Amino acid sequence: MNEVFPRHRLRSVATTVAVALTLTLAAAAGCDNRREPALPSVLDKLRESHIDGQPKIKIGVATTEPLMGELRNGRHTGFDVEIARYIASSLGFEGDQRIEWVPLATEDRIPALQGGTVDLIVSSFSITEERKKLVSFAGPYFVTTQEVMVPKRLRDRIRTIEDLREPGYRICTSGGSTTEAELGKHEVKAYVVKEVGDCVRGIREGRYDAVSSDETILAGFLSQYPTEFEIVDMPFGTSELLGIGVPIGDPALRDLVAFFLQKSYLEGRDGISSPWLTAYNRTLGPWLKADKSQPQPLDVPKLVDFDDKAPGR
Amino acid sequence: MTAPAATAPETAGPAGPLPGGQDPAERRARASQSFWTAVVGVPAVFSVLRLGVEAGGELQTTLLLVANVGTVNLLAGFLTTAAQLLSTGLVAVFALGAVLRVSVERMPPGFRRPLFARWVDITPAWFAAASFLLALVTWPLLYLPLLVPAFVAAFQLSLERLHEQPVPRVLLLCGGFTGYLWLLGPTLLEAGRQRELLAMVLLVVPPVLALFVTGPLPAAVIRPLASVTEAAVLATLVWAALPVISTPVLPLTVTTIEPAPGVSEDVRGHVVTVDDVNVVLLQEHGGVRYVPVGQVRAQVLCPSEDELPRRRLRVRDFHVEDSLLEGLGRRVRPVHRIDAACRTVR
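Below, the structure is given as structure tokens:
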């Protein structure tokens, strides 16, 4: 009897504690269900961004770079343009009627962002430490290398960086580009023009002998004149990380763009056809020597969105 | 139609006559009447209140909604949004009532039975089981473990009923917990990485509490626990009912209209009705708008902000804030795309 009584009492105390703890947990669950979410959402960031409430989004693109950004028959086409359309649609600006395309030359990109002429720039914009002091970048969305394109008649004579240094060859590049700086670093004297297209035209007219730029841009011109030019693989040693330029004063917009690039990256990694892959296959894919995949974007914020609950597999 | 109380005879109630000296048959009949009054009345009252809130408190808008929202649609909409709250209330009453009932059975004959214990007396087992089933399919996965101690308490499933021998009993328990932890292992690790302490506690602790929750309670605890929990359950139901009342009755859309050639406008709101002449929109920021059918260019369905998830945790690819029903539904229609118009139009 003496043993039964304490056991019965112990049981009563255990029940009391268990009931009290269950009620406490239920109350905690009830309060948790009503609290504000700890993570910011895509909507929160959109509200913080300067594009909130705008009828159209202004995107700076190139119009003279085949395969990347080109204005053909009144319609913008190219890999950069496709990426820009995906980002605009994700931000709530679906269709070309909600996008104001702003044609930009290479050297005008940073002033356009600083002056508020554009909200975003998707135009073979390489991410560099120097530029990061002036504008923000989301990405990279593409990794490319610097190459040289020569007319077929010179393909056996211009093969190395030393060949480029020879005074007999006239090398051309676009102003304000990372290529201009890279050529300078290798002590290659170059004619600096406004657009890479001007260099290509100059070579065809006999004014220049070679053009140096990103492989993606050169591939675009190669696609236009496949019988006239050849891309020469030169060991410049640096890779160009292309990013989407955003005004430095709008970190919320940078976060949103990085978030949507990451979303596309994750879709591609899981083997689903991603917006990036679709854009690549429709434009650059057939013209590059090696197949590329989307690089992982850097500094991606953790945001919640409505489709987070969808099954992952 | 047979009321639950009428078919809930002695099996659910305590042995012997009910305290209070009333005729049990008469008492059951009255309980049955009250039950069906509540079943019909509560959803009806809630639905009318919801229409009033949806209309923004405007009498004419309320009348417009009353004229255009069908009774069946209204009740179906109410059940969809209120099933979770309803099952929570019932589960709380049955679990607490069963623990209190087994506790007061040891008290002297004159001891007044707590309200929840009396409700459990007159409720048939099938009704309690149906309430738990409703909770099982409508509660978010994160809170489902709380259903384990509640179920064990409501049906008084003591450890002895698992097996009469202690060793097989312990082995069965160990097997059960191992399986449970295997199921939740990846989720718990992820919750640890994300420092979601509450989520970890809610997933792990309730099944352990289920081992001790069946009662009886000490005599000193019964009366305060009964009073406090009755008040708490009532207060919680009122508190939780407010969002249910303010949940929209009609689906949220963004309608693109073209009032003049080349001019387009997006209207965010709920479609009240469509006829040959007009689309009637209840705008999200208030007011009713009659849009000629010929001006409508596009319409998309949008999620509301309340549907945004709070966490990034999954149990075997089911989001922890989804109920079993919602999770299964997402497997039937896995692709969920947010239309661009939903993001920019506010």
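Protein chains in written order, with my numbering: chain A, 3 to 315; chain B, 174 to 519.
Ideal Cβ placement from N, Cα and C applies to all residues, glycine included.
All values reported here derive from a predicted model rather than from experimental measurement.
Check whether the Cβ of residue i lies closer than 8 Å to any Cβ atom in chain A.
{"i": "B/A514", "result": "yes"}
{"i": "B/D517", "result": "According to the sequence shown, residue 517 of chain B is Thr rather than Asp. For B/T517, the answer is yes, since a Cβ of chain A falls inside 8 Å of its Cβ."}
{"i": "B/R511", "result": "Reading off the sequence, residue 511 of chain B comes out as Ile, not Arg. So, interface residue."}
{"i": "B/P379", "result": "yes"}
{"i": "B/F385", "result": "yes"}
{"i": "B/P389", "result": "yes"}
{"i": "B/P322", "result": "yes"}
{"i": "B/E480", "result": "yes"}
{"i": "B/V469", "result": "no"}
{"i": "B/T253", "result": "no"}
{"i": "B/V394", "result": "yes"}
{"i": "B/P476", "result": "yes"}
{"i": "B/L382", "result": "yes"}
Quick check: the Cα distance between residue i and residue j, rounded to an integer number of angstroms?
{"i": "B/P216", "j": "B/P341", "result": "47 Å"}
{"i": "A/D252", "j": "A/S51", "result": "6 Å"}
{"i": "A/K134", "j": "A/D272", "result": "31 Å"}
{"i": "B/P378", "j": "B/Q367", "result": "First, the residue type needs correcting, since residue 378 of chain B is Val and not Pro in the sequence shown. Using only the alpha carbons, I get a separation of about 19 Å."}
{"i": "B/F300", "j": "B/S260", "result": "11 Å"}
{"i": "A/D54", "j": "A/S176", "result": "35 Å"}
{"i": "A/W289", "j": "B/P465", "result": "51 Å"}
{"i": "B/Q338", "j": "B/L332", "result": "10 Å"}
{"i": "B/E457", "j": "B/L237", "result": "16 Å"}
{"i": "A/L300", "j": "A/A140", "result": "7 Å"}
{"i": "B/L376", "j": "A/V302", "result": "29 Å"}
{"i": "B/W312", "j": "B/E480", "result": "15 Å"}
{"i": "A/R36", "j": "B/Q468", "result": "40 Å"}
{"i": "B/R485", "j": "B/V461", "result": "38 Å"}
{"i": "B/L344", "j": "B/L501", "result": "32 Å"}
{"i": "A/G80", "j": "A/Y267", "result": "19 Å"}
{"i": "B/V394", "j": "A/T18", "result": "8 Å"}
{"i": "A/E189", "j": "A/R203", "result": "24 Å"}
{"i": "B/E499", "j": "B/D196", "result": "46 Å"}
{"i": "A/V198", "j": "A/L106", "result": "13 Å"}
{"i": "B/G194", "j": "B/R203", "result": "In this prediction, B/G194 scores a pLDDT of 49, lower than 50, which makes its location untrustworthy; the coordinate-derived value is nonetheless stated afterwards. When rounded, the distance between both Cα atoms is 15 Å."}
{"i": "A/F2", "j": "A/Q148", "result": "No answer is possible for residue 2 of chain A: the residues shown for chain A start at 3 and end at 315."}
{"i": "A/R77", "j": "A/E84", "result": "12 Å"}
{"i": "B/G250", "j": "B/L455", "result": "17 Å"}
{"i": "A/A183", "j": "A/S225", "result": "26 Å"}
{"i": "A/E131", "j": "B/A433", "result": "49 Å"}
{"i": "A/A193", "j": "A/D110", "result": "It should be pointed out that residue 193 of chain A corresponds to Tyr in this sequence rather than to Ala. Rounded to the nearest angstrom, the two C-alpha atoms are 18 Å apart."}
{"i": "B/P190", "j": "A/L23", "result": "For B/P190, the predicted structure reports a pLDDT of 45, less than 50, and the residue's modelled location is therefore unreliable. A value from the coordinates is still provided. C-alpha separation (whole angstroms): 34 Å."}
{"i": "A/F238", "j": "A/C201", "result": "20 Å"}
Taking 8 Å as the CB-CB cut-off, is residue i touching chain B?
{"i": "A/K311", "result": "yes"}
{"i": "A/P42", "result": "no"}
{"i": "A/L48", "result": "yes"}
{"i": "A/V306", "result": "yes"}
{"i": "A/G270", "result": "no"}
{"i": "A/L45", "result": "yes"}
{"i": "A/P39", "result": "yes"}
{"i": "A/T34", "result": "Inspection of the sequence shows that residue 34 of chain A is occupied by Asp rather than by Thr. For A/D34, the answer is yes, since a Cβ of chain B falls inside 8 Å of its Cβ."}
{"i": "A/A31", "result": "yes"}
{"i": "A/G314", "result": "yes"}
Would you call the stretch 216-225 of chain B and the stretch 424-435 of chain B in contact, with 3 or more CB pairs under 8 Å?
Touching, no.
Using Cβ-Cβ distances below 9 Å, what residues of the stretch 483-494 of chain B are close to chain A?
Cβ contacts with chain A: R483, R484, R485, R487, D490, F491, H492, E494.
For the 8 Å Cβ check, are there 3 or more pairs between the stretch 205-216 of chain B and the stretch 404-419 of chain B?
The stretch 404-419 of chain B and the stretch 205-216 of chain B do not touch, with fewer than three beta-carbon pairs separated by less than 8 Å.
What residues in the stretch 363-375 of chain B have a beta carbon less than 8 Å from any beta carbon of chain A?
Listed in sequence order: L371, V374, L375.
Uninterrupted beta strand (DSSP E) stretches inside the stretch 68-153 of chain A (no shorter than 3 residues):
As far as the stretch 68-153 of chain A is concerned, its whole beta strand (DSSP E) runs of at least 3 residues are 71-74, 77-79, 101-105, 122-128, 137-153.
Any residues in the stretch 10-29 of chain A with a beta carbon nearer than 9 Å to a beta carbon of chain B? Which ones, in chain order?
Listed by position along the chain: H10, R11, R13, S14, V15, A16, T17, T18, V19, A20, V21, A22, L23, T24, L25, L27, A28, A29.
Assess, as a yes-or-no matter, whether the stretch 29-41 of chain A is touched by the stretch 81-92 of chain A under the definition of 3 or more beta carbon pairs within less than 8 Å.
Result no; under three Cβ-Cβ pairs closer than 8 Å.
Interface positions of the stretch 494-505 of chain B facing chain A (Cβ-Cβ less than 9 Å), listed along the chain:
Answer set for the stretch 494-505 of chain B: E494, D495, E499, G500, R503, R504.
Closer than 9 Å between beta carbons: that is the criterion. Which residues of the stretch 82-104 of chain A meet it against chain B?
The stretch 82-104 of chain A vs chain B, Cβ under 9 Å: A90, S91, S92, L93, G94, F95, E96, G97, Q99, R100.
Can you list, in chain order, the residues of the stretch 264-275 of chain B whose Cβ is nearer than 7 Å to any Cβ on chain A?
Hits within the stretch, in order: V272.
Evaluate contact between the stretch 202-221 of chain A and the stretch 65-75 of chain A, counting only Cβ atoms and requiring at least three cross-stretch pairs below 8 Å.
Yes, the stretch 202-221 of chain A is in contact with the stretch 65-75 of chain A.
Counting pairs of Cβ atoms below 8 Å between the stretch 223-243 of chain A and the stretch 149-161 of chain A, do you hit three or more?
Here the stretch 223-243 of chain A lies against the stretch 149-161 of chain A, with 3 or more beta-carbon pairs under 8 Å apart.
Residues of the stretch 303-332 of chain B whose Cβ lies closer than 7 Å to any Cβ of chain A, in chain order
Against chain A - using a Cβ distance shorter than 7 Å - the residues of the stretch 303-332 of chain B are Y316, L319, P322.
Residues in the stretch 239-262 of chain A with C-beta within 7 Å of chain B's C-beta atoms, listed in sequence order?
Those residues of the stretch 239-262 of chain A that come within reach of chain B (Cβ to Cβ, closer than 7 Å) do not exist; the list is empty.
Decide yes or no for the touch test of the stretch 12-19 of chain A against the stretch 295-310 of chain B: beta carbon pairs closer than 8 Å, at least 3 of them.
Counting Cβ pairs under 8 Å, fewer than three are found: no touch.
Segments assigned alpha helix (DSSP H), at least 4 residues, entirely inside the stretch 290-336 of chain B
Complete alpha helix (DSSP H) runs here, min 4: 298-311, 320-327.
Inter-stretch contact (C-beta, 8 Å, three-pair minimum) for the stretch 307-327 of chain B and the stretch 489-497 of chain B:
Two segments are said to touch when three or more pairs of C-beta atoms, one from each, lie closer than 8 Å; by this definition the stretch 307-327 of chain B touches the stretch 489-497 of chain B.
Check whether the stretch 318-325 of chain B and the stretch 251-270 of chain B touch, using three or more Cβ-Cβ pairs below 8 Å as the test.
As far as the Cβ criterion goes, the stretch 318-325 of chain B touches the stretch 251-270 of chain B, which means the pair count is three or higher.
Mind listing which residues of the stretch 331-364 of chain B have their C-beta closer than 8 Å to chain A's C-betas, in chain order?
Within the stretch 331-364 of chain B, no residue has its Cβ closer than 8 Å to any Cβ of chain A.
By the 9 Å beta-carbon criterion, what residues does the stretch 409-425 of chain B contribute toward chain A?
Those residues of the stretch 409-425 of chain B that come within reach of chain A (Cβ to Cβ, closer than 9 Å) are T409, W412, A413, P416.
Counting Cβ pairs, one atom from each stretch, are 3 or more of them under 8 Å apart for the stretch 346-360 of chain B and the stretch 283-290 of chain B?
No contact exists between the stretch 346-360 of chain B and the stretch 283-290 of chain B.
Interface residues of the stretch 282-295 of chain B facing chain A [CB-CB below 9 Å]
Within the stretch 282-295 of chain B, no residue qualifies.
What runs of the beta strand (DSSP E), each 3 residues or longer, lie entirely inside the stretch 454-505 of chain B?
Taking only runs of at least 3 residues, the beta strand (DSSP E) segments lying wholly in the stretch 454-505 of chain B are 461-465, 469-474.
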